[in-house]
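Engineer: Following this message is one structure expressed as structure tokens.
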Amino acid sequence: MKNEINAVLENMTATTPEQEDYTGEDGLLYCGKCRKPKEAYFPEGKALFGLDRHPTECDCQRAQRIEREAAEEQRRHLDTVDELKRRGFTDPTMRDWTFENDNGRNPQTELARRYVEHWEDMRADNIGCLFWGGVGIGKSYLAGCIANALMEKEIPVHMTNFALILNDLAASFEGRNEYISRLCRYPLLILDDFGMERGTEYGLEQVFNVIDSRYRSGKPLIVTTNLTLDGLRNPEDTAHSRIYDRLLSMCVPVRFTGDNFRQEAAQRKMESMKKLIVG
Numbered sequence: 048m049k050n051e052i053n054a055v056l057e058n059m060t061a062t063t064p065e066q067e068d069y070t071g072e073d074g075l076l077y078c079g080k081c082r083k084p085k086e087a088y089f090p091e092g093k094a095l096f097g098l099d100r101h102p103t104e105c106d107c108q109r110a111q112r113i114e115r116e117a118a119e120e121q122r123r124h125l126d127t128v129d130e131l132k133r134r135g136f137t138d139p140t141m142r143d144w145t146f147e148n149d150n151g152r153n154p155q156t157e158l159a160r161r162y163v164e165h166w167e168d169m170r171a172d173n174i175g176c177l178f179w180g181g182v183g184i185g186k187s188y189l190a191g192c193i194a195n196a197l198m199e200k201e202i203p204v205h206m207t208n209f210a211l212i213l214n215d216l217a218a219s220f221e222g223r224n225e226y227i228s229r230l231c232r233y234p235l236l237i238l239d240d241f242g243m244e245r246g247t248e249y250g251l252e253q254v255f256n257v258i259d260s261r262y263r264s265g266k267p268l269i270v271t272t273n274l275t276l277d278g279l280r281n282p283e284d285t286a287h288s289r290i291y292d293r294l295l296s297m298c299v300p301v302r303f304t305g306d307n308f309r310q311e312a313a314q315r316k317m318e319s320m321k322k323l324i325v326g
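The sequence shown: position 271 = 318 (the numbering used here), numbered continuously.
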């Protein structure tokens with residue numbers, strides 16, 4: 048066993064020459080390409096297994112190592128981002144909701160970009176956003192852009208809606224607290240289409256539990272809604288009031304204006320169908 052260990056250690060201190068390598072005037076092995084040494088002497092009087100030198104990187108080897116490590120890091124990064132997006136989105140199509148794919152027509156795009164750029168400040172100060180406005184004008188899309196951009200930075204984000212949350216809670220009553228705690232562990236939680244869920248007494252209670260738990264977690268929340276800001280500030284009853292009060296204390300209202308992109312898409316499809324039929 049001792050001989051085997053010695054053999055391994057000797058291999059670690061040995062340098063394998065390439066065909067073009069050469070021995071310099073100092074007795075060290077040099078790279079035939081970059082002309083830099085592949086060996087270095089131990090400090091004077093030092094030796095290991097009878098050897099007075101040890102391997103060192105020439106410029107070629109260093110460049111190869113850096114390239115190899117960069118490729119390994121890129122593979123690790125891509126795997127990490129893929130896993131974050133698999134867990135973070137409830138709909139795989141949301142992966143395509145990126146700033147790169149944006150049509151550039153939404154007036155609030157720059158605000159969404161800056162939210163990502165200043166994420167550390169947003170996180171530290173617990174600043175969220177309430178994207179409100181009419182239907183089909185890009186609120187959900189830009190929220191998805193923020194989610195994708197942060198996950199590309201390896202920051203976990205979860206984007207869901209209360210219709211899915213309420214279904215999950217109803218299916219597992221015993222695990223309700225853990226489910227809500229899991230939502231609150233994400234550095235950023237995005238609740239899409241807020242206000243579209245059923246307004247039953249049970250539903251409102253669960254909506255409050257999620258919003259209140261997120262509020263107590265001290266972490267940012269982004270919400271998209273078709274509700275008006277006036278409606279949020281003047282709720283119809285106490286049940287809605289305590290939900291909206293928490294929401295407005297966590298999220299800065301951002302009004303979305305612009306064209307209805309879904310209507311435009313529907314119109315284009317209609318025109319294409321007409322041309323095909325007439326043609």
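Positions of the beta carbon are idealized from the N, C-alpha and C atoms, including for glycine.
Closest to E86 by C-alpha separation, out of C176, T63, V301, would be which residue?
Structural biologist: T63
Engineer: Quick one: grab the DSSP three-state call for R232.
Structural biologist: helix
Engineer: On the criterion of 16 or more Cβ atoms from any shown chain inside 10 Å, does M297 qualify as buried, or is it exposed?
Structural biologist: buried
Engineer: Provide the residue(s) that pair with P300 in DSSP beta bridges, ordered along the chain.
Structural biologist: L177
Engineer: Would D99 pass as a contact of Y88 if the rule is Cβ separation under 8 Å?
Structural biologist: Yes; because the gap between Cβ atoms is below 8 Å, this pair is in contact.
Engineer: Just to confirm my understanding: we take K266, look at its own chain, exclude 5 residues before and 5 after, and list those with CB closer than 8 Å. What are they?
Structural biologist: R170, N173, C231, Y233, P234, L235, L236
Engineer: Determine the closest residue to D73 out of E65, K83, E67, Q66, with distance taken between C-alpha atoms.
Structural biologist: K83
Engineer: If you reduce the DSSP assignment to three classes, tell me which class A94 lands in.
Structural biologist: coil
Engineer: Give a yes or no on contact between the region 120–129 and the region 253–266, applying the rule of three or more CB pairs nearer than 8 Å.
Structural biologist: Under the Cβ criterion (8 Å, minimum of three pairs), the region 120–129 does not count as touching the region 253–266.
Engineer: Out of curiosity, what's the CA-to-CA distance linking D138 and L95?
Structural biologist: When only Cα atoms are considered, D138 and L95 end up about 60 Å apart.
Engineer: Which whole runs of the beta strand (DSSP E) in the region 109–140 are 3 residues long or more, in chain order?
Structural biologist: none
Engineer: Measuring only the C-alpha atoms, how far is E283 from M198?
Structural biologist: Their Cα atoms are separated by approximately 37 Å.
Engineer: Alpha carbon to alpha carbon, how far is D68 from L125?
Structural biologist: 38 Å
Engineer: Taking DSSP's pairing of strands, which residues face L276 in a bridge?
Structural biologist: Paired residues: none, contrary to the question.
Engineer: Can you have a look at E93 and say buried or exposed, based on whether 16 or more other CB atoms are within 10 angstroms of its CB?
Structural biologist: For the sequence presented, residue 93 should be read as Lys rather than Glu. Only exposed fits K93, as fewer than 16 other CB atoms lie within 10 angstroms of its CB.
Engineer: At the level of alpha carbons, what is the spacing between I227 and S288?
Structural biologist: 21 Å
Engineer: Examine the ligand ATP and report whether any of its heavy atoms sits within less than 7 Å of the Cβ of T156.
Structural biologist: This structure lacks the ligand ATP; in fact it carries no ligand of any kind.
Engineer: Pull up the distance between the alpha-carbon of F136 and that of L76, whole angstroms please.
Structural biologist: 55 Å
Engineer: Let me confirm a value: N153 is counted as buried when at least 16 other C-beta atoms fall within 10 Å, else exposed. Which label applies?
Structural biologist: With 16 or more other Cβ atoms within 10 Å, it is buried.
Engineer: Name, in chain order, the residues that DSSP records as bridge partners for Y88.
Structural biologist: R100
Engineer: If you draw a straight line from the C-alpha of Q253 to the C-alpha of I212, how long is it?
Structural biologist: 9 Å
Engineer: Per DSSP, which one or two residues make a beta bridge with G239?
Structural biologist: Per the sequence presented here, residue 239 reads as Asp, with Gly not at that position. D239 is bridged to N208.
Engineer: Grab me the residues of V257's own chain with a C-beta within less than 7 Å of its C-beta, minus the 5 sequence neighbours each way, in chain order.
Structural biologist: I212, I227, L230
Engineer: Measuring alpha carbon to alpha carbon, tell me which of A210, G222, K186 ends up nearest M141.
Structural biologist: K186
Engineer: Shortest alpha-carbon distance to I290 belongs to which of Y188, E248, F303, Q108?
Structural biologist: Considering only alpha carbons, the answer is E248.
Engineer: Under DSSP, the alpha helix (DSSP H) around W166 begins and ends at which residues?
Structural biologist: 166–171
Engineer: Using the beta-carbon count (16 or more within 10 Å), is Q66 buried or exposed?
Structural biologist: Residue burial annotation: Q66 is exposed, with fewer than 16 other C-beta atoms found within 10 angstroms of its C-beta.
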